[in-house]
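In full-length UniProt numbering, the protein residues as written are 1 to 94.
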Amino acid sequence: MDAPSFLRYMDDIIVLSPSRWKLRKAIKTVNQHFDKLKLKQHPDKTTIGRIKKGFDFLGYQFGKEKITVSKRTLHSLLGKHIRRLMQHAFNIKG
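Here you go:
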């Protein structure tokens, strides 16, 4: 991979690059396009890191050797199931 790669699904985007310099240049280009469209990045969802350390994208954790469901997604699903169980057990509406 010589040039940065862009992956997008709905409003999520990921930029992969072989070097930090090329990545920063690609992010600058993405930000310029965002500015033209009056779009903003969510500061809590914007990270720069090494691929080998893994990253979350679309509810999955992409690691060096495997892809798993992210902890955040598991926590969210578990919370929903616990609420449903409690509603059913105590006949709670809502």
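Ideal Cβ positions, reconstructed from N, Cα and C, are used throughout, including at glycine.
Shown here for Thr68: same chain residues with a beta carbon closer than 6 angstroms to its own, the five before and five after excluded, namely Gln61 in chain order. Counted as a single uninterrupted DSSP element, the beta strand (DSSP E) harbouring Phe6 occupies residues 5-9.
According to DSSP, Thr68 shares a beta bridge with Gln61. One Cα belongs to Ser17, the other to Ser70, and the distance between them is close to 22 angstroms. Note on geometry: alpha-carbon atoms of Gly63 and Pro4 lie some 19 angstroms from one another.
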